[in-house]
Amino acid sequence: MTQKLIDHAAPVQKAVVIHPDGRSDSPRLAEERLEEAVGLSRALDLDIRGEEIVRIRKVTPATLFGAGKVEELAALMRAADADVAIIDDALSPVQQRNLEKAWEVKVIDRTGLILEIFGRRARTKEGRLQVELARLDYERSRLVRTWTHLERQRGGTGSTGGPGETQIELDRRLIADRIVKLKAELEEVRRTRGLHRKQRQKVPFPTVALVGYTNAGKSTLFNRLTGSEVFAKDLLFATLDTTQRTIRLPQGRPAIIADTVGFISDLPHELVESFRATLEEVGEADLILHVRDIASADTDAQAADVESVLQQIEIPEGKTRRVLEVWNKIDLLDGDAREAVLGQAERQQRDGTAVAVSAWTGEGVESLRETIARLIDDDPETRVTLAPDQGEALAWLYEHGRVTDRETDELGRTHVAVRLHPAALGRFERLYPDLAG
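Given below as structure tokens:
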């Protein structure tokens with residue numbers, strides 16, 4: 110229904126990336142933000158022909174930049190033979206349209222760029238629905254720019270009530286109708302997720318959610334913990350769709366772990382709203398693993414951006430949010446920097462607040478498993494004595510709980526201390542009434 114901002118069927122498009130400095134309260138360096146914008150652009154296979162930081166002291170409502178800077182950047186576009194200008198900031202529809210006229214290239218702002226990446230990477234039906242909803246919400250105020258058929262309709266007598274305006278109003282109604290339909294479909298997805306969560310609570314396995322800044326290594330860590338082969342690459346937003354697997358923690362405790370979409374600074378509000386169904390998995394989790402690229406010079410600012418998104422995610426009533434920071438990519442550190450990070454992580458690991466790992470090499474991952482088990486292991490402990498022929502009951506305890514102690518006496522009986530969720534303990538008592546207690 111909508112026109113793609115970037116035509117991927119056409120030859121590789123040449124782009125210039127511009128970061129307007131001074132528009133954000135983020136503590137991140139302008140150079141780091143420009144580098145990220147370039148990385149986002151390359152994620153769409155754009156040929157980056159130029160990149161520049163433009164300091165903004167006063168916003169010009171019509172074009173964002175002052176008249177002199179607009180002309181200077183127009184010369185840059187011509188010199189680079191650019192097809193696309195990427196502005197690493199949110200633009201109003203008027204600013205976007207005026208810059209396109211001044212530069213004679215397609216102009217895409219940060220929100221449009223991220224939406225384009227999400228649209229290209231979404232694989233599941235749910236992911237595609239969420240991206241389409243976000244895109245429609247973004248584009249309904251930009252009809253005169255993005256919908257090519259409107260340009261053919263524009264004109265008429267030159268009055269404001271010409272056929273072009275009628276077509277725009279019609280398209281706005283079509284968008285509104287489509288948004289209503291998409292929200293209904295996503296509400297059904299949300300309802301289904303709720304049913305799945307209720308089924309998991311009956312099992313019940315604790316749930317762990319991976320969150321983190323995009324490209325922090327979440328999917329690589331997910332693969333390391335689960336033995337899966339989820340797509341993982343050194344690429345911004347390499348994966349979008351939530352993936353869940355069951356993992357075994359030390360002493361046999363099972364848990365469900367979910368890999369979620371990566372976060373990013375100034376994440377478009379359209380996406381936060383549209384991905385609400387997916388992000389509910391984070392709110393419902395018993396433990397959140399906040400994966401950080403500890404080798405990045407921007408790690409603290411990235412962590413702050415993730416925390417700001419987490420604050421927007423609702424927590425069910427009666428539930429508390431528990432977060433364990435996973436300092437990933439320690440394999441990229443050396444010398445004093447590595448020693449400092451490992452020393453601090455060791456101190457914080459005792460408090461259950463941070464663990465240092467390398468998802469790529471596996472260093473520290475077993476220690477992470479132990480810390481996860483300790484943090485989610487708040488179920489009451491039960492002691493059970495099993496006869497030599499009751500191996501089935503013993504296997505059930507390992508399958509549904511965490512065995513913390515096991516001894517065999519001279520008569521061959523097995524004495525087990527096991528932590529079981531109250532619901533699991535109830536099932537055990539029903540299945541093996543002579544053993545419970």
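Going left to right, the sequence shown walks through residues 110 to 546 as the numbering used here numbers them.
All residues carry an ideal CB built from backbone N, CA and C; glycine is no exception.
Whole-angstrom distance between residue j and residue i, CA atom to CA atom
{"i": "residue 410", "j": "residue 522", "result": "56 Å"}
{"i": "residue 261", "j": "residue 122", "result": "In this predicted model, residue 261 has a pLDDT of only 40, less than 50, meaning its place in the structure is not dependable enough to derive any value."}
{"i": "residue 283", "j": "residue 240", "result": "17 Å"}
{"i": "residue 469", "j": "residue 404", "result": "13 Å"}
{"i": "residue 290", "j": "residue 490", "result": "49 Å"}
{"i": "residue 194", "j": "residue 532", "result": "57 Å"}
{"i": "residue 550", "j": "residue 163", "result": "Because the chain in this structure spans residues 110 to 546, residue 550 falls outside the shown range and cannot be described."}
{"i": "residue 150", "j": "residue 157", "result": "8 Å"}
{"i": "residue 175", "j": "residue 132", "result": "14 Å"}
{"i": "residue 165", "j": "residue 139", "result": "12 Å"}
{"i": "residue 537", "j": "residue 498", "result": "17 Å"}
{"i": "residue 169", "j": "residue 237", "result": "36 Å"}
{"i": "residue 226", "j": "residue 244", "result": "11 Å"}
{"i": "residue 298", "j": "residue 233", "result": "12 Å"}
{"i": "residue 509", "j": "residue 124", "result": "54 Å"}
{"i": "residue 372", "j": "residue 429", "result": "21 Å"}
{"i": "residue 527", "j": "residue 218", "result": "55 Å"}
{"i": "residue 180", "j": "residue 322", "result": "36 Å"}
{"i": "residue 344", "j": "residue 142", "result": "Low local confidence applies: a pLDDT of 47 at residue 344 is under 50, so the model's placement there is unreliable, with the coordinate-based value given in what follows. The straight-line gap from Cα to Cα measures roughly 16 Å."}
{"i": "residue 253", "j": "residue 159", "result": "Note that residue 253 scores a pLDDT of 48, beneath 50, so its modelled location is shaky; the value from the coordinates is reported in the next line. Rounded to whole angstroms, residue 253 to residue 159 spans 28 Å at the Cα level."}
{"i": "residue 146", "j": "residue 300", "result": "36 Å"}
{"i": "residue 512", "j": "residue 506", "result": "7 Å"}
{"i": "residue 397", "j": "residue 144", "result": "28 Å"}
{"i": "residue 431", "j": "residue 395", "result": "7 Å"}
{"i": "residue 486", "j": "residue 460", "result": "15 Å"}
{"i": "residue 332", "j": "residue 542", "result": "39 Å"}
{"i": "residue 412", "j": "residue 516", "result": "45 Å"}
{"i": "residue 518", "j": "residue 534", "result": "24 Å"}
{"i": "residue 341", "j": "residue 462", "result": "Caution is warranted here: a pLDDT of 47 is assigned to residue 341, below 50, making its placement in the model unreliable, and the coordinate value is therefore given only provisionally. Roughly 26 Å separates the two Cα atoms."}
Opening and closing residue of the alpha helix (DSSP H) in which residue i lies
{"i": "residue 234", "result": "234-248"}
{"i": "residue 141", "result": "139-151"}
{"i": "residue 226", "result": "219-230"}
{"i": "residue 481", "result": "474-485"}
{"i": "residue 416", "result": "408-419"}
{"i": "residue 203", "result": "202-212"}
CB-CB length for residue i against residue j, believed under 8 Å
{"i": "residue 352", "j": "residue 365", "result": "No, residue 352 and residue 365 are not in contact; Cβ-Cβ is about 11 Å, not under 8 Å."}
{"i": "residue 476", "j": "residue 464", "result": "6 Å"}
{"i": "residue 295", "j": "residue 334", "result": "The pair is not a contact, with the Cβ atoms about 29 Å apart (cut-off 8 Å)."}
{"i": "residue 249", "j": "residue 205", "result": "Contact doesn't hold; Cβ gap of about 14 Å is too wide."}
{"i": "residue 368", "j": "residue 319", "result": "5 Å"}
{"i": "residue 540", "j": "residue 525", "result": "Actually they are not in contact, since the Cβ atoms of residue 540 and residue 525 sit about 15 Å apart, beyond 8 Å."}
{"i": "residue 185", "j": "residue 161", "result": "7 Å"}
{"i": "residue 216", "j": "residue 196", "result": "6 Å"}
Which of helix, strand or coil DSSP assigns to residue i
{"i": "residue 462", "result": "coil"}
{"i": "residue 430", "result": "coil"}
{"i": "residue 503", "result": "helix"}
{"i": "residue 524", "result": "strand"}
{"i": "residue 159", "result": "strand"}
{"i": "residue 187", "result": "helix"}
{"i": "residue 259", "result": "With a pLDDT of 36 at residue 259, under the threshold of 50, the predicted position of this residue should be treated as unreliable, and no value is reported."}
{"i": "residue 290", "result": "helix"}
{"i": "residue 398", "result": "strand"}
{"i": "residue 575", "result": "Nothing can be reported for residue 575, as the shown portion of the chain is limited to 110 through 546."}
{"i": "residue 251", "result": "coil"}
{"i": "residue 534", "result": "helix"}
{"i": "residue 164", "result": "strand"}
{"i": "residue 331", "result": "helix"}
{"i": "residue 389", "result": "helix"}
{"i": "residue 301", "result": "helix"}
Limits of the unbroken beta strand (DSSP E) element including residue i
{"i": "residue 321", "result": "316-321"}
{"i": "residue 498", "result": "First-last for residue 498: undefined, no H or E at that position."}
{"i": "residue 365", "result": "363-368"}
{"i": "residue 125", "result": "123-130"}
{"i": "residue 516", "result": "511-517"}
{"i": "residue 354", "result": "352-357"}
{"i": "residue 196", "result": "193-196"}
Within-9 Å CB hit, residue i to chain D
{"i": "residue 405", "result": "Of the chains in the structure shown, none is chain D; there is only one protein chain."}
Is the stretch 412-419 in contact with the stretch 439-459, if contact means three or more CB pairs nearer than 8 Å? no
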